[in-house]
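Residue numbers (my numbering): 3 to 412.
Since the structure comes first, as structure tokens, the remarks are kept for the end.
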Amino acid sequence: MVLKEIPWSLLREETDKMKQIPMLDLRLEYEYMKEDIDSAIKKCLEHQRWILGPEVKELEDKIAEYLGVKHCIGVSSGTDALVLSLRALAIKLKGQEYFDRNDKIITTPFTFTATGDAVLRAGATPVFVDIDPGTYNIDPVKIKEYLQSAIRNPQSAIRGILPVHLYGQACNMDEIMAIAKKYNLFVLEDVAQAFGGMWQGKKLGSMGDLSAFSFFPSKNLGAFGDGGMVSTNDHELAKLVIMLLKHGGKDKYNVDHIGYNARLDTLQAAVLLAKFKYVDEFNDRRRKIAGLYNEGLKGLDGVVLPIAYSQSPIALNHHVFHQYTVSTSSRDHLQKYLNEKNINNMVYYPFPLHKMAVFQNGRSKIADGLKNAELACKNVLSLPIEPLQKEEVTAQVIEAVREGAKKLLG
Ligand SMILES: Cc1ncc(COP(=O)(O)O)c(C=O)c1O
């Protein structure tokens, strides 16, 4: 693959001006893809088909082929992709518009609020199960333990599992799919952070009954605003999602279900089509930066690096490093130190879902202790991972983390 030259001048000008190393630099990315994006937008200006224009179908078809699934459906955000998927499941499985409060959906407490919130909006109750402390993803052993105890209660009504491929790293999908099969549960994958990621050579978003993607601007494939996608191999679920996103009917003026206006914008689809060309290259660039971080931060006392099983695309876990996240008991001090050095960093996430007011007052259930998720919220810190970031910048971040950790941890 011939790579375009990176407009370093822009990066230098910007970083000098702001004296900051950003988490992500979307201006730089735009410069890199400018011709493709500008011509995609120009095409829209010429045809003026703003609602469900040709770009939406073209993007759906391209991503369906990329994932190896039968249906992809563009929607207005990752959150809506989750809500519409759950609503379609309620209609298919229960013959009713929403789940009942007694219907439980197993998910992780260590994710963005939208994952759990979508379960509430679909009428069901999220059951939070703890994470694996190494990958930060939901722990299949804990799911099994919960199911073994819950299944003794005939009222339990557990309907499905909603795993999140956090930071771009796959959940253990072999285990999750086997559990779902055994207990007759649906699986809805939250792939918001992991476009292009794989598990055992299979694309994330191709294994569950349905999957939800986000095209929020900072995601691995990001639009110029909100956007999302649902993927599925189930024809009936696809038809339901298509109805729900357009007010709930096959016919616009004679509707069947309680629907939404949740379409993907033509303009966003056009931008996404232009950026889609680069997504594998950009994921490779992210993996390369992660490799440099792994090398440079190796053996640093008190700082735990992310677990990536392998960098090979056909290997067990094809991590796409939406975030490069370290963990340290001196997180707040390290964060302060990096801030002083003008190195941007983020805590994803400072609070586990079960501690938030929205999930309290009986709105969620907790499966036996969520210690790993609670500890992760105290210790994690994500470092800059702009795919076009220069090696010098990565080296600067490494040096600052090493200095900071040595000072703070003694
Ligand atoms: C894990 C996860 N799920 C769901 C979402 C929701 O996506 P959106 O912001 O496009 O609604 C996000 C986005 O931040 C996310 O990170």
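Yeah, the Cβ is synthetic: ideal placement off N, Cα and C, and Gly gets one too.
Here the structure is a predicted model, which means the values were calculated and not measured.
Just reading off the alpha helix (DSSP H) that residue i is part of, what are its end residues?
i, result
"Ser233", "No alpha helix (DSSP H) holds Ser233; the beta strand (DSSP E) holding it covers Gly230 to Thr234."
"Tyr32", "Leu28 to His49"
"Arg287", "Val281 to Leu299"
"Asp119", "Thr115 to Arg123"
"Val143", "Pro142 to Ala152"
"Ile65", "Pro56 to Leu69"
"Ala402", "Glu393 to Leu411"
"Ile82", "Residue identity differs from the one stated: residue 82 is Asp in this sequence, not Ile. From DSSP, the alpha helix (DSSP H) with Asp82 extends over Gly80 to Lys96."
"Val469", "Lying outside 3 to 412, the shown extent of the chain, residue 469 is not represented and no answer is given."
Under DSSP, the beta strand (DSSP E) around residue i begins and ends at which residues?
i, result
"Leu278", "Sequence inspection shows Phe at residue 278; the Leu mentioned does not correspond to that position. Element bounds for Phe278: not the beta strand (DSSP E) but the alpha helix (DSSP H), Thr268 to Phe278."
"Val382", "Val382 to Leu385"
"Lys106", "Lys106 to Thr109"
"Ile75", "His73 to Val77"
"Arg322", "A quick correction: the sequence has Val, not Arg, at residue 322. Unbroken run through Val322: none, as it is neither H nor E."
"Thr127", "Thr127 to Phe130"
Would you list the residues whose beta-carbon is nearer than 6 Å to any heavy atom of ligand 1, in the order they occur in the chain?
Ser79, Gly80, Thr81, Thr113, Phe114, Ala116, Thr117, Val166, Asp192, Ala194, Gln195, Ser216, Phe218, Asp228 and Gly230
Does the contact criterion of 3 or more C-beta pairs under 8 Å hold for the stretch 35 to 50 versus the stretch 274 to 293?
yes
Going along the chain, which unbroken runs of the beta strand (DSSP E) with 3 or more residues stay wholly within the stretch 329 to 367?
none
Within 8 Å, do at least three Cβ pairs link the stretch 321 to 330 to the stretch 196 to 204?
yes
Inspect the CB distances between the stretch 248 to 267 and the stretch 359 to 370 and report whether three or more fall short of 8 Å.
Pairwise C-beta distances place the stretch 248 to 267 out of contact with the stretch 359 to 370, as fewer than three of them are shorter than 8 Å.
Cβ contact (3+ pairs, closer than 8 Å) linking the stretch 72 to 88 and the stretch 227 to 247
yes
Could you tell me whether the stretch 296 to 303 touches the stretch 150 to 168, where touching means 3 or more Cβ pairs closer than 8 Å?
no
Would you check if the stretch 328 to 345 and the stretch 106 to 115 touch, i.e. whether three or more CB-CB distances between them fall below 8 Å?
no
Three CB pairs or more closer than 8 Å across the stretch 148 to 160 and the stretch 111 to 124:
no
Whether or not the stretch 174 to 193 and the stretch 46 to 59 are in contact is what I'm after, with contact meaning three or more pairs of Cβ atoms, one per stretch, closer than 8 Å; do they touch?
no
Would you mind listing the beta strand (DSSP E) stretches within the stretch 158 to 226 that are 3+ residues and don't spill past its ends, in chain order?
160 to 164, 188 to 192 and 212 to 216
Is there contact between the stretch 216 to 226 and the stretch 68 to 85, where contact requires at least three CB pairs shorter than 8 Å?
yes
Should the stretch 91 to 105 be regarded as contacting the stretch 129 to 146, the criterion being three or more beta carbon pairs within less than 8 Å?
no
Can you confirm whether the stretch 58 to 72 touches the stretch 249 to 261 when touching is taken to mean that 3 or more C-beta pairs between the two stretches lie within less than 8 Å?
no
With three or more C-beta pairs closer than 8 Å as the rule, is the stretch 385 to 399 touching the stretch 354 to 364?
No, the stretch 354 to 364 is not in contact with the stretch 385 to 399.
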